[in-house]
């Protein structure tokens, strides 16, 4: 599954780590306080390419490919959020990380929220990019749920994997639709992400990831299942206001369930915020995440 050439980013080195029964690819750069990055869909570690030169002088950047994506193994099972949290904690153990700061985008950010709720002692701070906290305004969520219509192409058995395998233009469209300035994408970068999920096992991972969210996480959100949970890890949500898939209207009210939750909206920015405005993501990280200097 690792036959594709690895994209190059100056200062990044690569290794493979066994954790939770999976062989994970991990890209790393820099020195300092460790920061663990969890990418979204349909991306892999290369989603963070623009942040590396901006942050590696102050932090140790740890950028794994999550289960099923990039150069990490793609087993048949393990794509529910609980299993992804298991992966994150096991990977930290394998890397010798007792604690780390956390940055997550989209589905990676959702796993990040769940990791912070389950094992808050493992995380110093959390920067979440374009994902709701676990206590969205349910009325706003219902009124804006239509914005997730595109996931219907990805969720269902057989059909979802077929879309990813045989219609790479859909993945490219998803990436283009997710920014306000489409010039931020080059064709090679679009191809990198779209082609990375086309092999059969990875197409299955794409489908399974979305289906598990529909099957398990959405019912929990809709029913207020997390209302008795409290977020104790200091957290900042950085959110592009022009996100086509998720409305910032779902965000108010989360602070009632957290010790320290801040929300910062970015006007004129879409869903793929680290691709479109890496300068603002890096500035927020340098401001908010711990620094040993």
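Numbering (full-length UniProt numbering), first residue to last: 1 to 293. Glycine included, every Cβ here is placed at the ideal spot set by N, Cα and C.
Looking at the backbone, the Cα of residue 143 and that of residue 137 are separated by about 10 Å. Around the C-beta of residue 186, fewer than 16 other C-beta atoms lie within 10 Å, and the residue is accordingly described as exposed. For residue 239, the closest alpha carbon among the candidates 231, 58, 99, 249 is that of 249. In the three-state reduction of the DSSP assignment, residue 18 falls in the strand class, which pools E and B. For the 8 Å CB-CB criterion, residue 59 and residue 33 form a contact. Counting other Cβ atoms within 10 Å of its Cβ, residue 61 reaches 16 or more and is therefore classed as buried.
DSSP, read as helix, strand or coil, puts residue 109 in helix.
Using a Cβ distance threshold of 8 Å, residue 207 and residue 161 count as a contacting pair. Relative to the Cα of residue 226, the nearest Cα in the group 110, 183, 157 belongs to 110. In this structure, DSSP gives residue 180 a state outside helix and strand, which the three-state scheme calls coil. In the DSSP secondary-structure assignment, residue 26 is bridged to 15, 64.
The Cβ atoms of residue 47 and residue 40 lie closer than 8 Å to each other. Under the three-state reduction of DSSP output, residue 231 falls in the strand class. Residue state for residue 273 is assigned as helix, using DSSP reduced to three classes. Between the beta-carbon of residue 147 and that of residue 245 there is about 5 Å, and that keeps the pair under the 8 Å contact cut. Only exposed fits residue 188, as fewer than 16 other CB atoms lie within 10 angstroms of its CB. Check the Cα spacing between residue 132 and each of 150, 125, 104, 158: the tightest is with 104.
For residue 42, there is no enclosing beta strand (DSSP E), as DSSP marks it with neither H nor E. When only Cα atoms are considered, residue 3 and residue 68 end up about 15 Å apart. In the same chain as residue 261, and ignoring 5 residues on each side of it, the C-beta atoms closer than 7 Å to its own belong to 133, 231, 235, 254, 255, in chain order. Given a length threshold of 4 residues, each whole run of the alpha helix (DSSP H) inside the region 133 to 188 is given here in chain order: 138 to 144, 152 to 155, 159 to 166, 168 to 177.
Nearest Cα to residue 54 within the set 278, 158, 214: 278. Under the three-state reduction of DSSP, residue 75 is assigned to coil, being neither helix nor strand. For residue 262, the uninterrupted beta strand (DSSP E) segment begins and ends at 261 to 266.
Counting other Cβ atoms within 10 Å of its Cβ, residue 5 stays below 16 and is therefore classed as exposed. By the 16-neighbour rule on beta-carbons within 10 angstroms, residue 159 is exposed. The beta carbon of residue 26 lies closer than 6 Å to those of 15, 17, 64 in the same chain, with the five residues before and after it left out.
In this structure, DSSP gives residue 244 a state outside helix and strand, which the three-state scheme calls coil. Taking a contact as a CB-CB distance under 8 Å, the pair residue 90 and residue 123 does not count as one, their CB atoms being some 15 Å apart.
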